[in-house]
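Count along the sequence shown from 1, add 52, and you get the number used in our numbering.
Here the structure is laid out as structure tokens; the discussion comes afterwards.
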Amino acid sequence: MSKTGSTHIKLPHSCISQKVSDIPPSGIRKFFDLLSSMEGVISLGVGEPDFVTPWHIREAAIHSLEKGYTMYTSNQGLPQLRQELAKYLESCCGLSYDPENELLVTVGVSEGLDLALRAILNPGDEVIMPDPCYVAYPACTSLAGGIPVQVPTTEKNNFKVTADDIERRITQRTKAILIGYPANPTGAVMVKEELTQIAELAQQHNLLVISDEVYAQLVYGVEHTCLASLPGMKDRTILLDGFSKAYAMTGWRIGYAAGGQEIIKAMTKIHQYTMLCAPIMGQMAAIEALKEGNSEVGTMVREYDRRRRVMVKGFKNIGLSCFEPRGAFYAFPSINITGMTSEEFAEKLLMEEKVAVVPGSAFGQCGEGYIRCCYATSLAEIQEALKRMGRFMKRHHTR
């Protein structure tokens, strides 16, 4: 027996699920485990706004606590929140969703993604998605028993997946297309004409589409198109969105899914057995965000746009070519000029100059040769990070 009173128990051989063992740990988190013990690090890594949630939204949550709202809600979420979400989707996208049957409040968009995949996939079903893409897409697909089929995208094509590239990968086992635009990690945005081609392809092959639109409000000089708003796509699309990015509410963990009644019912069934409901205080805050938060969103978007332009210009000034992001809050510069891999670059930059970025390889094979840099941090920190990276590039510019 150990000093703590516990005994050493020999666990069964291969006690961990093979499915879980086969999934690599998140490439995003690796570097933040490193920097947690370092002082003076400027982080351009975590995709989190540096803005505090606007006061009136926080106040709504505080008021809910003062009134004693500390109980469970219905599995689908507070009726008032679902009603406000229905109003929002009607006003911004022209979509009419039944709050009782076609909307589900989730614990962030990440849970919504997990629920959507588990609700629709049978073992061996294939899900087509871009490469690079958000790290959870292939992992959650595999955990749900599906097979991620990644479509290469390149800077030459503005990191956009095309209907032709998708169609070449459709098989009899294809169940869904999973896309997220504006995109993490590249900042790419797809325009209506491009999304229409994918929508027509989905209808032609009778496929579902999971559309992650958590960055929908964070676009610069372009217009976001909600995929579900395209002709024939409302019932075929599982729309995922949330409050983390646009309203600076990452820690509140409030997202939602909108879709056909049959799919939302299936997602709710999983949700009620696993998560039960999203926190009521967060839901009350989300109601306030939808009612009164638009002006703050506009202010934050304008500031992100300013930082975006500074960062992209700064990368070019220090010798890193950079695709211009038109959405989200990430830049994705190429580091091929250094001759390093993305991971080598990120590790050396962290150790030598105390700037944390995410290697592009964390987001798929096509992310190799790039790094993801988040500009949802202060302009002063961005400028200092660029200064440090400039010194780094002078030492490591090999091509």
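No residue lacks a Cβ here, since even glycine has one placed at the ideal position from N, Cα and C.
Residue pairing by DSSP places Ser263 opposite Ile231, Leu291 in a beta bridge.
If you check the CB distance, Met336 and Ala112 come in under 7 Å. Inter-residue distance for Tyr356 and Glu207 is about 22 Å (C-alpha atoms, whole angstroms).
When DSSP states are grouped into helix, strand and coil, Pro204 belongs to the strand group. Assigned with DSSP and collapsed to three states, Ser194 falls in helix. When DSSP assignments are scanned along the stretch 146-186, the uninterrupted stretches of alpha helix (DSSP H) that are 4 or more residues long and fall wholly within it turn out to be 160-172. When DSSP states are grouped into helix, strand and coil, Ser66 belongs to the coil group. DSSP links Gly334 through a beta bridge to no other residue. Rounded to whole angstroms, the gap between the alpha carbons of Gln249 and Arg225 is 21 Å.
In the structure shown, Ile315 falls within a helical segment according to DSSP collapsed to helix, strand and coil. Rounded to whole angstroms, the Cβ separation of Gly164 and Ala309 is 4 Å, and the two are in contact under 8 Å. Remark: fewer than three beta-carbon pairs, one from each stretch, lie closer than 8 Å, so the stretch 373-384 and the stretch 393-405 are not flagged as touching. Residue pairing by DSSP places Ser95 opposite Ala408 in a beta bridge. Around Ser430, the same chain offers Asp102 as residues with beta carbons nearer than 7 Å, after the five sequence neighbours per side are excluded. Spanning the alpha carbons of Leu259 and Val179 requires a straight line of approximately 10 Å. Nearest C-alpha to Glu399 among Gly97, Ser66, Asp74: Gly97. Pairing Asp150 with Arg134, the inter-Cα distance amounts to about 9 Å.
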